[in-house]
Amino acid sequence: MSFSRRALLKASAASAVLGGIGAPLVARAQAAEFTYKYANNLPDAHPMNVRAKEMSAAIKAETNGRFDLQIFPNNQLGSDTDMLSQIRSGGIEFFTLSGLILATLVPAASISGIGFAFPDYDTVWKAMDGDLGAHIRGEITKANLVVMDKIWDNGFRETTSSTKPINHPDDFKGFKIRVPVSPLWTSMFKAFDAAPASINFSEVYSALQTRIVEGQENPLAIISTAKLYEVQKFCSLTNHMWDGFWFLANRRAWEKLPEDVRTIVAKNINAAAVNERADVAKLNSGLEQDLAGKGLTFNQPTVGPFREKLRSAGFYSEWKGKYGEEAWALLEKAVGKLS
Ligand code: X2X
8 MSFSRRALLK
18 ASAASAVLGG
28 IGAPLVARAQ
38 AAEFTYKYAN
48 NLPDAHPMNV
58 RAKEMSAAIK
68 AETNGRFDLQ
78 IFPNNQLGSD
88 TDMLSQIRSG
98 GIEFFTLSGL
108 ILATLVPAAS
118 ISGIGFAFPD
128 YDTVWKAMDG
138 DLGAHIRGEI
148 TKANLVVMDK
158 IWDNGFRETT
168 SSTKPINHPD
178 DFKGFKIRVP
188 VSPLWTSMFK
198 AFDAAPASIN
208 FSEVYSALQT
218 RIVEGQENPL
228 AIISTAKLYE
238 VQKFCSLTNH
248 MWDGFWFLAN
258 RRAWEKLPED
268 VRTIVAKNIN
278 AAAVNERADV
288 AKLNSGLEQD
298 LAGKGLTFNQ
308 PTVGPFREKL
318 RSAGFYSEWK
328 GKYGEEAWAL
338 LEKAVGKLS
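Using the numbering used here, read the sequence shown as starting at 8 and increasing by one per residue.
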């Protein structure tokens, strides 16, 4: 320890003691009884973190300061792969993760990401707040994680590229595309005959910038808030899948909370999810012009041939076999016949 730091510590220890003796009786902020970490992979500006901040303040107020939820956005605590292991060990207490990536631990959780399954948001929320979501949450619970009722929105995903627009499934042939670390994502882009590379979101900007990959796919809200337009030229509105984030908790940490605190925390997290869904939908629908102004060239491919390509490659029947008849029936009950 350097001399100055030691001196500083001594001085502050002395003043703490003096403060203790001579301090007037003013209300001091009480340390929270529970200080829990919530980590995620998205930038500060994304609605997920905007709503999370609001939610954290509401929880603090409603618990009279007993519960302090600290937010660590933007992969500050590591990649999704790192954070998934931290939520399991208790290194972090809360984490939002795409069901498709969670599928590396809970295989059933990727079913909501089947290509072209959901036609619109109404169908998404009916399924995810209904039987399909309940089925997935049941499987997550079996893996010893706690999951909140309401899934947060990521959005419908579009394809960006630094080399060419994607207009037809043939444009995907040999296309070097980053996909999240998830068997379903890799399988889907292999079915398109692309060359998918599994890369955590924490590395995506630099992977695009250094041209390790040509393209990636994400909702416009992320292309915008993570500034991916700075390192991409084209945006093809492929709308190939919907994606959402499950709000997960470490079981031991969750069960340590008294019932009344748990109720307040869960209520506020689920309410924030519902608000975040509206924010993301609104943001995504207004971003095309904004991103075009920032240099992205947009095109709107006809999606029929993409869906047909997945079908003829055996993608739907392969995944139906993996999830099983029962789970597949829940998906088809929500979205109609797929295979
Ligand atoms: O990794 C991604 O592309 C992201 C941010 O959309 C997810 O978390 C799945």
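Glycine included, C-beta positions come from ideal geometry on N, C-alpha and C.
It should be emphasised that the depicted structure is a prediction, and the values quoted were computed from it without experimental measurement.
>> Taking the alpha helix (DSSP H) that L227 belongs to, which residues open and close that run?
In response: To locate residue 227, count along the sequence shown from 1; it is residue 220. Here the alpha helix (DSSP H) through L227 covers L227 to T232.
>> Using the Cβ count rule (16 or more neighbours within 10 Å means buried), how would you classify K157?
In response: In the sequence shown, counting from the first residue as 1, residue 157 sits at position 150. Here K157 is buried: its Cβ has 16 or more other Cβ atoms, across all protein chains shown, within 10 Å.
> Alpha carbon to alpha carbon, what distance is there between Q83 and A256?
Replying inline: Looking up residue 256 in the sequence shown gives position 249. Looking up residue 83 in the sequence shown gives position 76. Linking A256 to Q83 through their CA atoms gives a straight-line distance of about 18 angstroms.
>> Quick check: the Cα distance between P203 and T167, rounded to an integer number of angstroms?
In response: Counting from 1 along the sequence shown, the entry for residue 203 is found at position 196. Counting from 1 along the sequence shown, the entry for residue 167 is found at position 160. Rounded to whole angstroms, P203 and T167 show a C-alpha spacing of 14 angstroms.
> Using a Cβ-Cβ cut-off of 7 angstroms (strictly less than) and excluding sequence neighbours within five positions of G29, which residues of its own chain qualify?
Replying inline: Here residue 29 is taken as the residue at index 22 of the sequence shown, counted from 1. Note that G29 scores a pLDDT of 46, beneath 50, so its modelled location is shaky; the value from the coordinates is reported in the next line. Nothing meets the Cβ criterion.
> If we call anything under 8 angstroms between Cβ atoms a contact, is T304 one with P176?
Replying inline: By one-based count along the sequence shown, residue 304 stands at place 297. By one-based count along the sequence shown, residue 176 stands at place 169. Going by C-beta atoms, T304 is not nearer than 8 angstroms to P176.
> Do we get a CB-CB distance below 8 angstroms when we pair T270 with the residues of chain B?
Replying inline: No chain B appears in the structure shown, which is made up of a single protein chain.
> Are V220 and K180 touching if we call contact CB-CB under 8 angstroms?
Replying inline: Here residue 220 refers to the residue found at position 213 when the sequence shown is read from its first residue. Here residue 180 refers to the residue found at position 173 when the sequence shown is read from its first residue. Contact: no.
> Taking the continuous beta strand (DSSP E) assigned at I206, which residues delimit it?
Replying inline: One-based indexing of the sequence shown puts residue 206 at position 199. No beta strand (DSSP E) contains I206, which DSSP labels as neither H nor E.
>> Comparing C-alpha positions only, which one of I108, G85, S105 and Q296 sits nearest to G98?
In response: Along the sequence shown, one-based indexing puts residue 98 at 91. Shortest Cα-Cα distance from G98 to any of I108, G85, S105 and Q296 involves G85.
> Cβ of I203 within 7 angstroms of any heavy atom in ligand 1?
Replying inline: Stepping through the sequence shown from its first residue, residue 203 is reached at position 196. For clarity, residue 203 is Pro in the given sequence; the question names Ile instead. No - ligand 1 has no heavy atom lying nearer than 7 angstroms to the Cβ of P203.
> Between G343, L227 and S319, which lies nearest to D297 when the distance is taken from Cα to Cα?
Replying inline: Position 290 of the sequence shown, counting from 1, holds the residue named residue 297. Its Cα nearest to that of D297, the residue L227 stands out among G343, L227 and S319.
>> Runs of 4 residues minimum, wholly inside the stretch 238–319: which ones carry the alpha helix (DSSP H) assignment?
In response: Counting only runs of 4 or more, we get 258–263, 266–300 and 311–319.
>> Using CA atoms only, rank isn't needed, just tell me which of M55, E339, F199 and V186 is closest to L215.
In response: Within the sequence shown, the letter at position 208 stands for residue 215. It is V186.
> For the putative contact between N306 and S231, defined by C-beta atoms under 8 angstroms, what is the C-beta separation to the nearest angstrom?
Replying inline: Taking the first residue of the sequence shown as position 1, residue 306 is located at position 299. Taking the first residue of the sequence shown as position 1, residue 231 is located at position 224. Contact flag wrong, Cβ pair sits at about 18 angstroms.
> When the Cβ atoms of the stretch 54–66 are set against those of the stretch 282–296, are three or more pairs found closer than 8 angstroms?
Replying inline: With a cut-off of 8 angstroms on Cβ pairs, the stretch 54–66 is in contact with the stretch 282–296, counting three or more such pairs.
>> Among S319, G328 and N161, whose alpha-carbon lies nearest the alpha-carbon of N246?
In response: Within the sequence shown, residue 246 is the residue found at index 239, counting from 1. Closest in alpha carbon position to N246, among S319, G328 and N161, is N161.
> According to DSSP, which residues form a beta bridge with A52?
Replying inline: Position 45 of the sequence shown, counted from the first residue, corresponds to residue 52. BP columns for A52 are empty, so no partner.
> Quick one: does the C-beta of F123 sit closer than 7 angstroms to a heavy atom of ligand 1?
Replying inline: The residue labelled residue 123 in the question sits at position 116 within the sequence shown. No.
> What separation, rounded to the nearest whole angstrom, lies between the Cα atoms of R13 and W253?
Replying inline: As a working mapping, residue 13 is identified with position 6 in the sequence shown. As a working mapping, residue 253 is identified with position 246 in the sequence shown. Interpretation of R13 is limited by its pLDDT of 49, a score under 50 that renders its predicted location unreliable; the figure taken from the coordinates is listed afterwards. Roughly 46 angstroms between the two C-alpha positions.
> Using the C-alpha atoms, what's the distance from A141 back to A334?
Replying inline: In the sequence shown, counting from the first residue as 1, residue 334 sits at position 327. In the sequence shown, counting from the first residue as 1, residue 141 sits at position 134. Their backbone Cα atoms lie some 11 angstroms apart in a straight line.
>> According to DSSP, simplified to helix, strand and coil, what is I108?
In response: Working through the sequence shown from its first residue, we reach residue 108 at position 101. Here I108 sits in helix by DSSP.
> So is Y71 buried or exposed if we call it buried at 16+ other beta carbons inside 10 Å?
Replying inline: Translated into positions along the sequence shown, residue 71 becomes position 64. According to the sequence shown, residue 71 is Asn rather than Tyr. Under the 10 Å beta carbon count, N71 is surrounded by fewer than 16 other beta carbons and is classified as exposed.
> Do K316 and A201 have their C-beta atoms within less than 8 angstroms of each other?
Replying inline: Taking the sequence shown and counting its residues from 1, the one referred to as residue 316 is at position 309. Taking the sequence shown and counting its residues from 1, the one referred to as residue 201 is at position 194. No, the Cβ-Cβ distance between K316 and A201 is not below 8 angstroms.
>> According to DSSP, W159 sits in a beta bridge with which residue or residues?
In response: On the sequence shown, residue 159 is found 152 positions in, with the first residue counted as 1. Secondary-structure assignment with DSSP links W159 through a beta bridge to F252.
> When the Cα of I94 is compared with those of D75, K340 and W261, which residue comes out closest?
Replying inline: To locate residue 94, count along the sequence shown from 1; it is residue 87. Nearest C-alpha to I94: W261.
> Under the three-state reduction of DSSP, which class applies to E332: helix, strand or coil?
Replying inline: Residue 332 sits at position 325 when you count from the first residue of the sequence shown. E332: helix per DSSP, three-state reduction.
>> Residues in the same chain with beta-carbon distance under 6 angstroms from L337, minus the five sequence neighbours each way, listed in chain order, please.
In response: Here residue 337 refers to the residue found at position 330 of the sequence shown. The answer, listed in chain order, is D138, L139 and H142.
>> At the level of alpha carbons, what is the spacing between G122 and K340?
In response: For the purposes of this step, residue 122 is taken as residue 115 along the sequence shown, with counting starting at 1. For the purposes of this step, residue 340 is taken as residue 333 along the sequence shown, with counting starting at 1. Straight across, the Cα-Cα distance linking G122 with K340 is about 16 angstroms.
> Can you tell me whether DSSP reads D6 as helix, strand or coil?
Replying inline: Nothing in the structure corresponds to residue 6, since the chain is present only between 8 and 346.
>> In this structure, how does DSSP classify V154 when only helix, strand and coil are distinguished?
In response: Your numbering for residue 154 matches position 147 in the sequence shown. Strand at V154.
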